[in-house]
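> Taking this note's numbering, the leading residue of the sequence shown gets 21, the next gets one more, and so forth.
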Amino acid sequence: MRVASSLRHSLRSHPVFSVTNVSVVSGGGGLVLGECLAVFDSVLRFVGVEGSVASPLVRCDGGTVDIGGWLDMHDVWAVGEASSVASLSEVTLSGGTVSISRCAGTAATLVSGPTIASGVVSVQCNRAGGRVLRSSSDYRMAGLLSVSVVPCDGCEAALACFDALTASFSDCVCSCRAGGVGDACLPFNVPPARAGGGGGGAEGCVSGVTLTESVTVGDGRATACFDSVVFSGPITVAVDLRSMDVFADALNVTLRHCVLAGGAQLRIGGLSESTARPMPHALVNITNVTSLEGTIVLHGAMPLNSSVLLANSTLRATVGGSQYVPTTPGHAGYRYGPALVLDGVRLLSTRFVMTRSTLVCGGGSCAAILVERGLDVNLSSVFYKDNCVVISETYVMYALASDLRVSGGSIFSIQNSSWSAPSTEYYGGACVFEGVVVAGGSVLQVVSSNFRLGLAMLIANTLTVTGGSWLVHRDDGFRTAYVVYLAKENGVAFCDRSVWSILDNNFTYGLYSSTIACMTNDWSPPSDSCPIIYGVCNEARGSPVTNYQEELNIGAPVRVLDCGACTVAASASWTILIPVCVVCASST
21 MRVASSLRHS LRSHPVFSVT NVSVVSGGGG LVLGECLAVF DSVLRFVGVE
71 GSVASPLVRC DGGTVDIGGW LDMHDVWAVG EASSVASLSE VTLSGGTVSI
121 SRCAGTAATL VSGPTIASGV VSVQCNRAGG RVLRSSSDYR MAGLLSVSVV
171 PCDGCEAALA CFDALTASFS DCVCSCRAGG VGDACLPFNV PPARAGGGGG
221 GAEGCVSGVT LTESVTVGDG RATACFDSVV FSGPITVAVD LRSMDVFADA
271 LNVTLRHCVL AGGAQLRIGG LSESTARPMP HALVNITNVT SLEGTIVLHG
321 AMPLNSSVLL ANSTLRATVG GSQYVPTTPG HAGYRYGPAL VLDGVRLLST
371 RFVMTRSTLV CGGGSCAAIL VERGLDVNLS SVFYKDNCVV ISETYVMYAL
421 ASDLRVSGGS IFSIQNSSWS APSTEYYGGA CVFEGVVVAG GSVLQVVSSN
471 FRLGLAMLIA NTLTVTGGSW LVHRDDGFRT AYVVYLAKEN GVAFCDRSVW
521 SILDNNFTYG LYSSTIACMT NDWSPPSDSC PIIYGVCNEA RGSPVTNYQE
571 ELNIGAPVRV LDCGACTVAA SASWTILIPV CVVCASST
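Here is the structure:
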């Protein structure tokens, strides 16, 4: 919306201009109010507005908020990269009121201006640049030089009521004069704002009960906790991070000693990547959980610096018993019986750990872990599957039209685990993705694990390792035809001094073939490429590997080192010293 600079935007004698429950996406500006704004004895309000724009979400380049005027901004989120909520530096507050509550911007500046001749700017529970603003000095750094700060759990008439039609304010309730209506004593009713992450909800843990109806949890709380709760029947319990107390220091989601049964689904998430950036970090702890035909669904982006832990749990599901229906277009008619679903998960400087847990999936097309809309591990995030047992008839991790992308100095690690997916069908494998990308100095490693599989451990169209990244297979036992199977011809690419380390592994026949036990299927790198591949102390079909091209079908030269030769003393030249030391570091 744009008011031309030559036009006057004038509100006088009790009109209300309200922008409520609006989402804004623009490569340019958002809501531009021009250079001649006049708010006199009237209301200009922005409530429940979320926008991703390349400038301040609300901008006014001139005007006044005069006596009796109220400029109200509540639950306004500027989620564009380095975006502020409003630019009011050319606006003069001259006897009116400006209220800013529960707003958030990704930039360090929340609101710039206004210039105060008289009147008050009241603020409550706002976030800027990833931190909650608590004091006048915080607000000065965020662009507001003079404010009246109301605590997050407090209330004040200037934040809640239209003064011209308010008779009194008591116990956080506005009492209206003649002509005032609604909770805020406005001149007429306006659309109610959607429920936001307000805060002030009662904390505590739901304990020792059985839930048999679907419910959404959030409601302005900073904590969602379930202790010894049974989720029973084909119900969905959703923990909506967006509706939690987004102005808390952290969001805590805890499940301990719970049971999911009869097709119950627990969904945690609900954030887009842009919305996740201004949120407080989330601490998700799922421990000692038992699932019998239930499904745990993590969906959307996690806030920066979050942590997700799934530990000491047993999750079982079957194609016939699970009630999970894929939401990827074209797949709604298929059933995969997943115990865990990662739906559009984006990890941003986040630690995801699944440890000391067992996942079991039964049925002809079952996938113990189902991935939808891609899995991104970014910004120095870590994704660990450690000390886990996964048993599935067909797939361990199956992605519907989705890529795995590990980037920005992140780590994706499968370690100390045992996987069994003994399907003999073509394209039956442990991990199946459209494409796999390891970029920007990141690591994808498979270490100290055992695999009893059919066709392959990893199936994808393409595997790209770039930007000085590292692919590691170390100390593993592979009973499979192929460790890496690329459906696309010449689908492997190693670029920018990226390294593939193949160390101390044992390769033998799987259930798909009694004649094939290789690292890759057909792969011939382009003639102008020179992938860096190290082979150390591997064994294939009971014998030490000496020729990696013939014995493991690796279609590129492999730098072979003897067992025990992984020391600094073993390298005579600087050009070899650095890669060899990197290989050694992996072993510690």
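Quick reminder that beta carbons are idealized off the backbone N, C-alpha and C, glycines included.
Which residues in the same chain have their Cβ closer than 6 angstroms to the Cβ of I87, if we skip the five residues on either side of it in sequence?
Excluding sequence neighbours, I87 sits near G115.
> For Q285, count neighbouring Cβ atoms within 10 angstroms of its own Cβ and tell me buried if that reaches 16, exposed if not.
Burial call: buried.
> Taking the continuous beta strand (DSSP E) assigned at S294, which residues delimit it?
Looking at the DSSP string, S294 is not in any beta strand (DSSP E); the run it does join, the alpha helix (DSSP H), is 293-296.
> Rounding to the nearest angstrom, what Cα-Cα distance links V210 and G290 in this structure?
Roughly 27 angstroms between the two C-alpha positions.
> Residues in its own chain within less than 6 angstroms of S166 by CB, not counting five upstream and five downstream?
Excluding residues within five positions, the ones whose Cβ falls inside 6 angstroms are I136.
> State buried or exposed for A507, treating a residue as buried only when at least 16 other CB atoms are found within 10 Å of its CB.
With fewer than 16 other Cβ atoms within 10 Å, it is exposed.
> Quick one: is M21 buried, meaning 16 or more other Cβ sit within 10 Å of its Cβ, or exposed?
That one is exposed.
> Thinking A58 and L91 are a contact (beta carbons under 8 angstroms), I'd like their distance in whole angstroms, please.
11 angstroms between Cβ atoms; not a contact.
> Just verifying my parser: in three-state terms, what is the DSSP assignment at R79?
It is a strand residue.
> Looking only at its chain, what residues have a beta carbon closer than 8 angstroms to the beta carbon of T232, apart from the 5 residues adjacent to it on each side?
So the list reads S252, G253, I255, once near-sequence residues are dropped.
> With distances taken Cα to Cα, identify the nearest neighbour of G125 among S103, G488, S138.
It is S103.
> Quick check on this structure: which residue in G224, S227, F60, F182 has the alpha carbon closest to the alpha carbon of F208?
Ranking G224, S227, F60, F182 by Cα distance to F208 puts F182 first.
> Are D495 and S468 touching if we call contact CB-CB under 7 angstroms?
In contact: D495 and S468 (Cβ atoms closer than 7 angstroms).
> Whose C-alpha, out of G47, M539, C550, A258, is nearest the C-alpha of Q569?
Of G47, M539, C550, A258, the residue nearest in Cα terms is M539.
> Could you give the distance in angstroms between the alpha-carbon of L581 and the alpha-carbon of V380?
Their backbone Cα atoms lie some 39 angstroms apart in a straight line.
> Looking only at DSSP bridge pairs, what is Q144 linked to?
Paired residue(s): S121, V170.
> Express the C-alpha separation of P346 and S142 in angstroms, rounding to a whole number.
Cα-Cα distance, rounded: 46 angstroms.
> Taking a contact to mean a Cβ-Cβ separation below 7 angstroms, would you say Y356 touches C386 in this structure?
Contact: yes.
> Opposite N272 in the DSSP bridges: which residues?
Paired residue(s): T243, L303.
> Relative to the alpha-carbon of S437, which residue among D406, T500, A419 has its alpha-carbon at the smallest distance?
Cα-wise, what sits closest to S437 is D406.
> Only counting the same chain, and skipping five residues up and downstream in sequence, which positions put a Cβ closer than 6 angstroms to that of V152?
Cβ neighbours of V152 beyond the five flanking positions: F267.
> For L280 and D95, I'd like the C-alpha separation in whole angstroms.
Spanning the two alpha carbons is a distance of roughly 35 angstroms.
> Leaving aside the five residues before and after L108 along the sequence, list all residues of the same chain whose C-beta is less than 7 angstroms from its C-beta, in chain order.
The answer, listed in chain order, is C80, V131, S132, G133, P134.
> When you compare the CB of H301 with every CB in chain C, is at least one pair closer than 7 angstroms?
Of the chains in the structure shown, none is chain C; there is only one protein chain.
> Identify which residue in G474, F514, S155 has its Cα closest to the Cα of L491.
Among G474, F514, S155, the Cα nearest to that of L491 belongs to F514.
> Is the CB-CB distance between Y505 and I479 below 7 angstroms?
In this structure, I479 lies closer than 7 angstroms to Y505 by Cβ.
> Ignoring anything shorter than 3 residues, give me the beta strand (DSSP E) runs that lie fully in the stretch 308-380, in order along the chain.
Listed in chain order, the complete beta strand (DSSP E) runs (minimum 3 residues) inside the stretch 308-380 are 310-312, 315-321, 327-331, 334-338, 360-368, 371-375.
> Any idea if P171 is buried or exposed, counting beta-carbon neighbours within 10 angstroms, 16 or more meaning buried?
When all chains shown are included, P171 counts as exposed.
> For L51 and R376, what's the separation of their Cα atoms in angstroms?
Near 51 angstroms, if we compare the C-alpha coordinates of R376 and L51.
> Determine the direct distance from the alpha carbon of C205 to that of V63, and round the result to whole angstroms.
Roughly 11 angstroms separates the two Cα atoms.
> Is the stretch 229-246 touching the stretch 69-79, taking contact as three or more C-beta pairs under 8 angstroms?
In short, these stretches do not touch, since the Cβ pair count stays below three.
> Let me confirm a value: P298 is counted as buried when at least 16 other C-beta atoms fall within 10 Å, else exposed. Which label applies?
Looking at its Cβ environment, which holds 16 or more other Cβ atoms inside 10 Å, P298 is buried.
> Select from S155, N398, A441, T274 the residue whose C-alpha is nearest the C-alpha of G474.
It is A441.
> At which residues does the beta strand (DSSP E) containing R160 begin and terminate?
Run containing R160: none in the beta strand (DSSP E); it sits in the alpha helix (DSSP H), 156-161.
> What is the DSSP secondary structure of R262, counted as helix, strand or coil?
The answer is helix: DSSP assigns R262 an H, G or I state.
> To the nearest angstrom, how far is the alpha carbon of G82 from that of T112?
So the alpha carbons of these two residues sit roughly 8 angstroms apart.
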